[in-house]
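Student: For reference, the structure I am asking about is given below.
Numbering (this note's numbering), first residue to last: 180 to 243.
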């Protein structure tokens with residue numbers, strides 16, 4: 180299993196915990212943790228060369 184997949188599994192677990200949280204502070208904390216794990220997974224995909232670092236843009240024509 181790829182490292183980024185493990186990170187995404189952790190994010191999914193945090194989302195499940197957020198759904199079951201009884202208090203709003205705990206719910207918010209689990210959502211922040213899920214976002215952090217997702218960001219780590221995206222970064223790992225970039226480090227592994229699976230995605231480009233930034234979206235490529237095509238030059239735009241300027242009307243004269």
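Glycine included, C-beta positions come from ideal geometry on N, C-alpha and C.
Look at the alpha carbon of residue 230 and the alpha carbon of residue 224, and state the distance between them as a whole number of angstroms.
Tutor: Counted from its first residue, the chain shown places residue 230 at position 51. Counted from its first residue, the chain shown places residue 224 at position 45. C-alpha separation (whole angstroms): 6 Å.
Student: So the candidates are 208, 185, 180 and 219; which of them puts its Cα closest to the Cα of residue 197?
Tutor: Indexing the chain shown from 1 puts residue 197 at position 18. The shortest C-alpha separation from residue 197 is found at 208.
Student: If we ignore side chains and look at the alpha-carbon of each, how far apart do residue 219 and residue 205 end up?
Tutor: Taking the chain shown and counting its residues from 1, the one referred to as residue 219 is at position 40. Taking the chain shown and counting its residues from 1, the one referred to as residue 205 is at position 26. Roughly 21 Å between the two C-alpha positions.
Student: By a C-beta neighbour count over all protein chains shown, 10 Å radius and 16 as the cutoff for buried, is residue 187 buried or exposed?
Tutor: If you number the chain shown from 1, residue 187 lands on position 8. Buried.
Student: If you count every other CB in all the chains shown that lies within 10 Å of the CB of residue 213, and 16 or more means buried, which is it?
Tutor: Taking the chain shown and counting its residues from 1, the one referred to as residue 213 is at position 34. Under this definition residue 213 is a buried residue.
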